[in-house]
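The structure appears right after this line, and notes come after that.
Numbering (my numbering), first residue to last: 7 to 297.
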């Protein structure tokens with residue numbers, strides 16, 4: 007299969023690209039910069055030079071596609087507009103691909119755990135009510151656009167906090183601990199983060215590509231919820247760093263953007279549909295066991 011992949015150099019996309027190539031698929035990976043183009047080429051993909059904002063241009067220049075996986079997000083003030091440009095381009099070009107396939111074009115959209123807001127002990131499952139922060143409200147709208155297209159078999163994956171051996175969702179804490187600095191904690195550290203390793207999540211993307219049902223959401227979560235403070239204390243001890251210290255939310259938002267408020271959400275999350283319908287079983291150890 008020939009699969010268009012956006013976000014192929016990110017924390018999620020690198021694993022998805024590697025898994026698609028491992029399973030013998032041809033991957034056309036969007037690359038915004040020459041550095042990104044080199045990275046996806048080394049990983050085994052064909053670079054597609056462009057960005058989300060000009061998707062209407064480059065997506066028409068591609069050949070036949072058997073599926074699309076959209077992961078990329080700019081996390082800046084233009085995040086909603088860029089995402090809309092990509093989604094509209096997919097919908098506009100879908101009829102041609104669907105006619106060639108004789109069926110709907112498989113598309114995977116990427117949401118996220120933060121779309122559920124604070125859940126506390128009431129774990130979000132597929133079908134739970136959304137309560138998105140302002141920064142990600144557009145995600146629900148664009149997901150619905152895809153679900154309304156008669157030419158797409160569109161599904162959405164909502165990843166938990168995605169981590170890997172060099173960081174991801176735990177990156178700020180891990181980098182500080184490895185450097186011998188006190189990891190920063192926003193608030194009390196009691197907020198729980200649902201988590202999944204990037205390799206396990208990559209396997210889910212391929213399963214949804216192959217067998218996901220139209221209009222269905224799937225969760226990618228391996229650990230229901232681990233307290234951020236517990237992660238920080240564990241990594242500080244593991245690398246001999248000072249104990250975690252409180253960090254003002256305002257400072258983190260200045261560094262990362264308004265979306266950083268999501269790091270304070272106390273969330274739990276489960277994935278019954280991914281596990282029962284698709285047979286997805288995370289294989290990697292949990293974040294505390296991995297370090």
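Every residue gets a Cβ at the ideal spot worked out from N, C-alpha and C, and that includes glycine.
**Request:** Report the option in 92, 23, 176, 155 whose CA atom is closest to the CA atom of residue 201.
**Result:** 176
**Asked** Is the CB-CB distance between residue 228 and residue 206 below 8 Å?
**Response** yes
**Message:** If the criterion is Cβ atoms closer than 8 Å, does the pair residue 33 and residue 50 meet it?
**Reply:** yes
**Prompt:** Does DSSP classify residue 46 as helix, strand or coil?
**Reply:** helix
**Prompt:** When DSSP labels each residue in this structure, what does residue 208 get in the three-state scheme?
**Reply:** helix
**Item:** Reference residue 5; option with closest CA among 244, 109, 114
**Value:** The structure shown does not extend to residue 5, since the chain is modelled only from 7 through 297, so no value can be given for it.
**Request:** Could you say which of 260, 226, 23 lies nearest to residue 6 if we only look at CA atoms?
**Result:** The first residue shown for the chain is 7 and the last is 297, placing residue 6 beyond what the model contains.
**Asked** Of the residues 86, 237, 8, which one's Cα is nearest the Cα of residue 72?
**Response** 8
**Cβ-based neighbour list, residue 245, same chain, cut-off 6 Å, excluding 5 preceding and 5 following** = 183, 184
**Message:** To the nearest angstrom, how far is the alpha carbon of residue 122 from that of residue 253?
**Reply:** 24 Å
**Prompt:** By how many angstroms is the C-alpha of residue 198 removed from the C-alpha of residue 271?
**Reply:** 7 Å
**Request:** Apply the 10 Å Cβ neighbour rule to residue 273 and answer buried if 16 or more other Cβ atoms are within range, or exposed otherwise.
**Result:** buried
**Prompt:** Going by the beta-carbon positions, is the gap between residue 236 and residue 255 smaller than 8 Å?
**Reply:** no
**Request:** Please specify which runs of the alpha helix (DSSP H), each continuous and at least 4 residues long, are wholly inside the stretch 133-174, giving them in chain order.
**Result:** 143-154
**Request:** Output the distance between the C-alpha atoms of residue 99 and residue 147, rounded to the nearest integer angstrom.
**Result:** 19 Å
**Request:** Just tell me which of 124, 129, 38, 133 has its CA closest to the CA of residue 139.
**Result:** 124
**Request:** Go through the stretch 22-95 residue by residue and report every complete run of the beta strand (DSSP E) that reaches 3 residues or more, in order.
**Result:** 32-37, 52-55, 73-76
**Prompt:** From residue 152 to residue 232, what distance separates their C-alpha atoms?
**Reply:** 32 Å
**Request:** For residue 162, I'd like the list of residues in its chain whose CB is within less than 6 Å of its CB, leaving aside the five on either flank, ordered along the chain.
**Result:** 115, 117, 149, 223
**Message:** Going by beta-carbon coordinates alone, are residue 158 and residue 111 separated by less than 8 Å?
**Reply:** yes
**Item:** Contact under 8 Å by Cβ, residue 160 with residue 220
**Value:** yes
**Prompt:** Skipping 5 residues on each side, what residues in its chain have a beta carbon closer than 7 Å to that of residue 17?
**Reply:** 168, 170, 174, 204
**Asked** In terms of residue numbering, what span does the beta strand (DSSP E) encompassing residue 198 cover?
**Response** 198-203
**Asked** Is the distance from the Cβ of residue 77 to the Cβ of residue 133 below 8 Å?
**Response** no
**Prompt:** Nearest to residue 240 by CA position, among 258, 215, 260, 195, is which residue?
**Reply:** 195
**Message:** The beta strand (DSSP E) that contains residue 113, what's its start and end?
**Reply:** 111-116
**Asked** Which residue's Cα is closest to the Cα of residue 210: 180, 284, 154?
**Response** 284
**Asked** Taking the C-alpha atoms as reference points, what is the distance between residue 41 and residue 128?
**Response** 42 Å
**Asked** When DSSP builds the beta bridges, which residues end up paired with residue 225?
**Response** 164
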